[in-house]
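Take a look at the structure below.
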Amino acid sequence: MTTTLITGANKGLGLETARRLVEAGHTVYLGSRDAERGRVAAERLGARLVLIDITDDASVEAAAKAVEADGGLDVLINNAGIEGTVIGPEDSTADVLRPLFETNVFGTVRVLHAFLPLLKRSTAPVVVNVSSSLGSTTLVATPGTPTHGYPGVAYPASKAAVNMITVQYAKAFPDIRINAVEPGFTATDLNGHRGTQTVEEGAEIIVRMARIGSAGPTGGYFDAAGSLPW
Ligand SMILES: NC(=O)c1ccc[n+]([C@@H]2O[C@H](COP(=O)([O-])OP(=O)(O)OC[C@H]3O[C@@H](n4cnc5c(N)ncnc54)[C@H](OP(=O)(O)O)[C@@H]3O)[C@@H](O)[C@H]2O)c1
Numbered sequence: 148m149t150t151t152l153i154t155g156a157n158k159g160l161g162l163e164t165a166r167r168l169v170e171a172g173h174t175v176y177l178g179s180r181d182a183e184r185g186r187v188a189a190e191r192l193g194a195r196l197v198l199i200d201i202t203d204d205a206s207v208e209a210a211a212k213a214v215e216a217d218g219g220l221d222v223l224i225n226n227a228g229i230e231g232t233v234i235g236p237e238d239s240t241a242d243v244l245r246p247l248f249e250t251n252v253f254g255t256v257r258v259l260h261a262f263l264p265l266l267k268r269s270t271a272p273v274v275v276n277v278s279s280s281l282g283s284t285t286l287v288a289t290p291g292t293p294t295h296g297y298p299g300v301a302y303p304a305s306k307a308a309v310n311m312i313t314v315q316y317a318k319a320f321p322d323i324r325i326n327a328v329e330p331g332f333t334a335t336d337l338n339g340h341r342g343t344q345t346v347e348e349g350a351e352i353i354v355r356m357a358r359i360g361s362a363g364p365t366g367g368y369f370d371a372a373g374s375l376p377w
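Residue numbers for the sequence shown follow the working numbering, beginning at 148 and rising by one.
As structure tokens, then:
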């Protein structure tokens, strides 16, 4: 039985990923920072609720202890993330970038750090970091790509950092399959439902990389169609 934690799984891509992995037979810990939203989602799916605010040390530590006490973890999906208002270089300040880095970058590292001891005890440990094509320096710098026209600074910079974290952790822990994924532009609360894909389509690559097992790739960056340039 594979045991999987998904952060930010009370809605959007995380919720759909949880639904699919429950269906695939995983024991799913549905991470939510809000008790009531999480309870409703977990009950609906037959998942186990884990309260986890990834910006809070005590919350993440408590979540790791709860999952450990319950038997451990095989798959960690770092899905929780925010985009915030899209603000260009002229008006970007440290204060504009800070909340994005607190959640998308420092939150991801905080969760990795807390759950690494559990993952190391798994026979087939896997980490999926939910990134974005906006984290690809190559694509954002290439005219003609959909990402080139995105004017904001904070979100792409935070996801580029997630990509680098993915590479460095994958090299450091070769026994753990650690990959970054780009779900694609998906209609969720994150973008006011302007995304052109459904959550079913967006969750596809997250679910696929969660299920790669010990023979799968590591240190990669994928969307549903294949590898992406960093
Ligand atoms: N939608 C897209 O087009 C798209 C494209 C590329 C990448 N992504 C990435 O996909 C991931 C999921 O996004 P989504 O589109 O599904 O957005 P969403 O519907 O807004 O869901 C985001 C989830 O993250 C949670 N979250 C935010 N801050 C958190 C924190 N500090 N601690 C714990 N949970 C927190 C939210 O919880 P609350 O309900 O409590 O706010 C929510 O459950 C994100 O990493 C995003 O960057 C999305």
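Even for Gly, the Cβ is constructed at its ideal location relative to N, Cα and C.
Given the structure is predicted, the values throughout are model-derived calculations rather than measurements.
### Task
State the beta-bridge partners of residue 123 as determined by DSSP.
A question about residue 123 goes unanswered here, because the residues of the chain that appear run from 148 up to 377.
### Query
If residue 161 and residue 151 are in contact, beta carbons under 8 Å, what's the gap, nearest whole angstrom?
Looking up residue 161 in the sequence shown gives position 14. Looking up residue 151 in the sequence shown gives position 4. Their Cβ separation, rounded to whole angstroms, is 11 Å, which puts residue 161 and residue 151 out of contact at 8 Å.
### Query
If you measure from the CB of residue 283, is any heavy atom of ligand 1 nearer than 7 Å?
Reading the sequence shown from its first residue, position 136 is the one you call residue 283. False, no ligand heavy atom lies under 7 Å from that Cβ.
### Query
For residue 207 versus residue 258, is the C-beta distance shorter than 8 Å?
Locating residue 207 in the sequence shown gives position 60, where the first residue counts as 1. Locating residue 258 in the sequence shown gives position 111, where the first residue counts as 1. Yes, these two residues count as a Cβ contact at 8 Å.
### Task
Could you tell me if residue 374 is buried or exposed, where buried requires 16 or more neighbouring beta carbons within 10 angstroms of its beta carbon?
The count along the sequence shown starts at 1 and reaches residue 374 at position 227. Residue 374 comes out exposed.
### Query
Do residue 357 and residue 187 come within 8 Å of each other at the CB atom, strictly closer than that value?
The residue given as residue 187 occupies position 40 in the sequence shown. The residue given as residue 357 occupies position 210 in the sequence shown. No, these two residues do not count as a Cβ contact at 8 Å.
### Classification of residue 327 by the beta-carbon crowding that lies within 10 angstroms, buried from 16 upward
The residue given as residue 327 occupies position 180 in the sequence shown. Classification for residue 327: buried.
#### Entry: Bounding residues of the beta strand (DSSP E) (the contiguous stretch that carries residue 327)
Residue mapping note: residue 327 aligns to position 180 of the sequence shown, counting from 1. Residues 324-328.
### Message
Given this structure, state the Cα-to-Cα distance separating residue 203 from residue 279, to the nearest angstrom.
### Response
By 1-based counting over the sequence shown, the position of residue 203 is 56. By 1-based counting over the sequence shown, the position of residue 279 is 132. Taking the straight line joining both Cα atoms gives about 23 Å.
### Message
For a minimum of 3 consecutive residues, which ranges assigned as the beta strand (DSSP E) are wholly contained in the region 268-324?
### Response
273-277
### Query
Going by beta carbon distance, what residues of the same chain come within less than 7 Å of residue 285, once the five residues before and after it are set aside?
Translated into the one-based positions of the sequence shown, residue 285 becomes position 138. Result list for residue 285: 376, 377, in chain order.
### Task
Specify the secondary structure class of residue 369 as computed by DSSP and reduced to three states.
Along the sequence shown, one-based indexing puts residue 369 at 222. Strand at residue 369.
#### Entry: Unbroken beta strand (DSSP E) run spanning residue 167, endpoints
As a working note, residue 167 is residue 20 in the sequence shown. First-last for residue 167: 159-170, but that is the alpha helix (DSSP H), not the beta strand (DSSP E).
### Message
Between which residues of its own chain and residue 192 is the CB-CB distance below 6 Å, once the five residues before and five after are set aside?
### Response
Translated into positions along the sequence shown, residue 192 becomes position 45. Same-chain partners within the cutoff: 165, 166, 169.
### Query
Where DSSP assigns a beta bridge to residue 374, which residues make up the other side?
As a position in the sequence shown, residue 374 is number 227, starting the count at 1. DSSP lists 369 as partners of residue 374.
### Query
What do you reckon, are the CB atoms on residue 282 and residue 310 nearer than 8 Å?
Along the sequence shown, one-based indexing puts residue 282 at 135. Along the sequence shown, one-based indexing puts residue 310 at 163. The answer is yes: Cβ separation under 8 Å.
### Query
How many Å lie between residue 230 and residue 294 at the Cα?
Counting from 1 along the sequence shown, the entry for residue 230 is found at position 83. Counting from 1 along the sequence shown, the entry for residue 294 is found at position 147. For residue 230 and residue 294, the distance between alpha carbons rounds to 15 Å.
### Message
Measuring straight from C-alpha to C-alpha, what distance separates residue 236 and residue 368?
### Response
To locate residue 236, count along the sequence shown from 1; it is residue 89. To locate residue 368, count along the sequence shown from 1; it is residue 221. Cα-Cα distance, rounded: 26 Å.
### Query
By Cβ distance below 7 Å, which residues in the same chain neighbour residue 303 in space, the five residues on each side in sequence not counted?
By 1-based counting over the sequence shown, the position of residue 303 is 156. The residues are 281, 282, 287, 297.
### Task
Starting from residue 195, follow its DSSP beta bridges and name the residues at the other end.
Your numbering for residue 195 matches position 48 in the sequence shown. Residue 195 pairs with 176.
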